[in-house]
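Student:
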Ligand code: HEM
Ligand code: FES
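Chains as they are written, first to last, in our numbering: chain A, 58 to 473; chain B, 11 to 116.
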């Protein structure tokens, strides 16, 4: 962000009456100016009610400790898609998709267990070799002394190949997966990848048709090691309605794709913004291990998760009423000085780097967290073997979203 | 002080003294014993402090609460003697407790 914009937002954040402070505007994230607003909320109102938010009234929880406490209250703070689900923006009621991230126990627990084997230690060990092979191939083909978009050539490419493997989806059609993922998370607007909700539904229908073919083949075959086969054979998921299958596909595609992609991009950006950390890393490549969780904290690829109260609940001195929308801002809790030392700095050798909120906590804690770390670890190990430096040569472009905290363009150059 | 024996997945043993009232998780973290991550710091919210309690000691460790049981039910390698070590407070009666670490924490 420019110095001017940053002063402007610092001033605005300081002078807006507290009760009018609204952190739901996606432009705050597109322009990377969200920081001072949350600093004020953490200081003055860790649990804050906004009456006139861009997406309606909502509670904000912005401090680390309180976010963990809210995660544990899944009995009163529901994830249910019919109530609005997990993102601050309500989709039209008839278009809400059931998926297990947006379900409460017991259905959530049963469906989650169906896909959990994909990340069992033995399966991750099998994937490791494959990920390394692909990372090497992608890196070896990168141009030298030439400006290119790191997001497209590396971040999207590596994550989408991985995703195709997890689904056992045809590799030659893998870019469809990132297209569906982008459509799933886009805010409909004129000129955008998705202009209307109807258009999004049409894309989802096309996605479902494509996966139905895979489902039909797998359901009649021996149980396999891919996500579709797991869903087709597990008792909890094998009789899912087409809409529920669609919802879970969206969950697995977005979950396994966007988030890791944006961490891969974030790492390059942060090392360029912090040359002394980049120097530390070059001098000691073993620091990749602690750098990877620090990248994921610092990026916070999912800015928030939303819940809906299904009963009145006393929380940190406030009464949250049945029906209220509650937003847990991971992006803010990850910058909470009460929980993390010097939280606004990117430090690749922190003592306990995995203590962050980016994967959530409680029963919905990210299924793929170790897989995401594995991909980033391997990629950085291989980058350090090949390139002395990846230089960011222009401003990044960020996603216009309150939910997905991401980067769509990062122009870089690798010196020959 | 009670002594707790932590056995890593590769068989490496660590016997350390842990103050009464601390959790079994904290005993490992404070002594830098690898194999227990404890990402949530003991809030029963991450399941990265998963251990297998030696069957002889299982009853003395009490029974898991509801939150602990649901977190454990998602762990890929969970077994009937699985516990989240942040939910086991160290007592005099646990002097000599043996816990084993899984292949990986999730
Ligand atoms: C850096 C990468 C990633 C980040 C930051 C991330 C973040 C998250 C977050 C914040 C949640 C919700 C937690 C909560 O509500 O408390 C979640 C859930 C989930 N993630 Fe990830 N994720 C990442 C990578 C992945 C990958 C690679 C996969 C695919 C295997 C995946 C699959 C899932 C699934 C299936 C859920 C739903 C879990 C449930 O509701 O029980 N994620 N993730
Ligand atoms: S430390 Fe997180 S559940 Fe025990």
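For glycine and all other residues, C-beta sits at the position ideal for the given N, C-alpha and C.
With DSSP as the reference, label residue 290/A as helix, strand or coil.
Tutor: Walking along the first chain from the start, residue 290/A turns up at place 233. It is helical.
Student: Under 7 Å Cβ to Cβ from residue 176/A, same chain only, skipping five residues before and after it: list those, please.
Tutor: Taking the first residue of the first chain as 1, we reach residue 176/A at position 119. Closer than 7 Å at the Cβ level, and outside the excluded window around residue 176/A, lie 424, 425, 427, 428.
Student: Check whether the Cβ of residue 128/A lies closer than 7 Å to any heavy atom of the ligand HEM, and answer yes or no.
Tutor: The residue labelled residue 128/A in the question sits at position 71 within the first chain. Within the cutoff, so yes.
Student: Can you list, in chain order, the residues of its chain whose CB lies under 7 Å from that of residue 154/A, leaving out five sequence neighbours each side?
Tutor: Within the first chain, the letter at position 97 stands for residue 154/A. For residue 154/A, where only same-chain residues beyond five positions count, the Cβ hits under 7 Å are 138, 300, 303, 304, 307.
Student: CB of residue 415/A to nearest heavy atom of the ligand HEM: below 7 Å?
Tutor: As a position in the first chain, residue 415/A is number 358, starting the count at 1. Flag set: Cβ of residue 415/A near the ligand HEM.
Student: What residue range is occupied by the uninterrupted beta strand (DSSP E) comprising residue 299/A?
Tutor: Taking the first chain and counting its residues from 1, one reaches residue 299/A at position 242. Looking at the DSSP string, residue 299/A is not in any beta strand (DSSP E); the run it does join, the alpha helix (DSSP H), is 299-312.
Student: For residue 450/A, name the three-state secondary structure that DSSP assigns.
Tutor: Numbered from its first residue, the first chain carries residue 450/A at position 393. Coil.
Student: Assuming contact is defined by CB atoms lying nearer than 8 Å, are residue 493/A and residue 464/A in contact in what I supplied?
Tutor: Because chain A here runs from 58 to 473, residue 493/A falls outside it and cannot be looked at.
Student: DSSP three-state call for residue 366/A: helix, strand or coil?
Tutor: For the purposes of this step, residue 366/A is taken as the residue at position 309 of the first chain. Looking at residue 366/A - three-state DSSP - the assignment turns out to be strand.
Student: First and last residue of the beta strand (DSSP E) that includes residue 382/A?
Tutor: Position 325 of the first chain, counting from 1, holds the residue named residue 382/A. 382-386 is the extent of the beta strand (DSSP E) around residue 382/A.
Student: Look at the alpha carbon of residue 62/B and the alpha carbon of residue 42/B, and state the distance between them as a whole number of angstroms.
Tutor: Mapped onto the second chain, residue 62/B falls at position 52. Mapped onto the second chain, residue 42/B falls at position 32. Each residue's Cα considered, the two are about 19 Å apart.
Student: So residue 413/A is in the alpha helix (DSSP H); what residue range does that whole segment cover?
Tutor: Numbered from its first residue, the first chain carries residue 413/A at position 356. Unbroken run through residue 413/A: none, as it is neither H nor E.
Student: Output needed in chain order: residues of the segment 206-220 of chain A with a Cβ under 8 Å from some Cβ in chain B.
Tutor: So the list is empty, because no residue satisfies the distance condition.
Student: Which residues in the same chain as residue 325/A place their Cβ atom closer than 8 Å to its Cβ, once the five residues preceding and following it in sequence are excluded?
Tutor: Working through the first chain from its first residue, we reach residue 325/A at position 268. If we look at residue 325/A and ignore the five residues flanking it on each side, its Cβ neighbours are 207, 447, 449, 467, 469.
Student: Out of 460/A, 330/A, 181/A, 254/A, which one is the CA nearest neighbour of residue 401/A?
Tutor: For the purposes of this step, residue 401/A is taken as residue 344 along the first chain, with counting starting at 1. Answer by Cα proximity: 330/A.
Student: Measure from the C-beta of residue 62/B to each C-beta in chain A and report whether the shortest distance is under 8 Å.
Tutor: For the purposes of this step, residue 62/B is taken as the residue at position 52 of the second chain. No, because no Cβ of chain A sits closer than 8 Å to the Cβ of residue 62/B.
Student: Are any of the Cβ atoms in chain A nearer than 8 Å to that of residue 87/B?
Tutor: To locate residue 87/B, count along the second chain from 1; it is residue 77. Yes, its Cβ sits closer than 8 Å to a Cβ of chain A.
Student: From the DSSP output, in three-state form, read off residue 193/A for me.
Tutor: Walking along the first chain from the start, residue 193/A turns up at place 136. Correct three-state label for residue 193/A: helix.
Student: Going straight from the alpha carbon of residue 435/A to that of residue 213/A, what length do you get?
Tutor: Translated into the one-based positions of the first chain, residue 435/A becomes position 378. Translated into the one-based positions of the first chain, residue 213/A becomes position 156. The alpha-carbon atoms of residue 435/A and residue 213/A are separated by roughly 15 Å.
Student: Could you pull out every unbroken beta strand (DSSP E) segment of at least 3 residues lying fully inside the segment 43-108 of chain B, listed in chain order?
Tutor: Runs found: 60-63, 92-94.
Student: With 8 Å as the threshold, decide whether the Cβ of residue 53/B is near any Cβ in chain A.
Tutor: The residue labelled residue 53/B in the question sits at position 43 within the second chain. Interface residue, yes.
Student: In terms of DSSP beta bridges, what is residue 376/A paired with?
Tutor: The residue given as residue 376/A occupies position 319 in the first chain. Answer is 371/A, bridged to residue 376/A.
Student: Using a Cβ-Cβ cut-off of less than 8 Å, list which residues of the segment 59-91 of chain A approach chain B; keep chain order.
Tutor: Per Cβ criterion, the list is empty.
Student: Closer than 8 Å, CB to CB, is residue 291/A near chain B or not?
Tutor: What you label residue 291/A is simply residue 234 of the first chain in a count that begins at 1. It does not: the Cβ of residue 291/A has no partner Cβ on chain B nearer than 8 Å.
Student: Using only the alpha-carbon positions, how far apart do residue 105/B and residue 32/B sit?
Tutor: Start at 1 with the first residue of the second chain, and residue 105/B comes out as number 95. Start at 1 with the first residue of the second chain, and residue 32/B comes out as number 22. If you take the alpha carbons of residue 105/B and residue 32/B, they lie about 13 Å apart.
Student: Quick one: give me the first and last residue of the alpha helix (DSSP H) that residue 237/A is part of.
Tutor: Taking the first residue of the first chain as position 1, residue 237/A is located at position 180. Counting along the chain, the alpha helix (DSSP H) containing residue 237/A begins and ends at 232-242.
Student: Report yes or no: do the segment 284-291 of chain A and the segment 247-265 of chain A share at least 3 C-beta pairs separated by less than 8 Å?
Tutor: As far as the Cβ criterion goes, the segment 284-291 of chain A does not touch the segment 247-265 of chain A, which means the pair count is below three.
Student: Mind listing which residues of the segment 123-138 of chain A have their C-beta closer than 7 Å to chain B's C-betas, in chain order?
Tutor: Listed in sequence order: 125, 128, 129.
Student: Can you determine whether any heavy atom of the ligand FES sits closer than 7 Å to the C-beta of residue 11/B, and answer yes or no?
Tutor: Position 1 of the second chain, counted from the start, is the residue given in the question as residue 11/B. No, the Cβ of residue 11/B stays beyond 7 Å of every heavy atom of the ligand FES.
Student: Pull out every residue of the segment 168-179 of chain A whose Cβ sits closer than 9 Å to any Cβ of chain B, in chain order.
Tutor: So the list reads 169, 170, 173, 174, 176, 177, 178, 179, given in the order they occur along the chain.
Student: Relative to the alpha-carbon of residue 113/B, which residue among 11/B, 12/B, 17/B has its alpha-carbon at the smallest distance?
Tutor: Position 103 of the second chain, counting from 1, holds the residue named residue 113/B. Measuring from the Cα of residue 113/B, the nearest candidate turns out to be 17/B.
Student: With three or more C-beta pairs closer than 8 Å as the rule, is the segment 42-61 of chain B touching the segment 142-149 of chain A?
Tutor: At 8 Å Cβ cutoff, the stretches do not touch.
Student: Give the DSSP bridge partners of residue 107/A, in chain order.
Tutor: For the purposes of this step, residue 107/A is taken as the residue at position 50 of the first chain. Answer is 115/A, bridged to residue 107/A.
Student: DSSP on residue 148/A, reduced to helix/strand/coil?
Tutor: Stepping through the first chain from its first residue, residue 148/A is reached at position 91. Residue 148/A falls in the coil class under three-state DSSP.
Student: Can you list, in chain order, the residues of the segment 351-373 of chain A whose Cβ is nearer than 9 Å to any Cβ on chain B?
Tutor: Within the segment 351-373 of chain A, no residue has a Cβ that lies closer than 9 Å to any Cβ of chain B.
Student: What three-state label does DSSP hand residue 295/A in the structure shown?
Tutor: For the purposes of this step, residue 295/A is taken as the residue at position 238 of the first chain. Three-state DSSP puts residue 295/A in coil, outside helix and strand.
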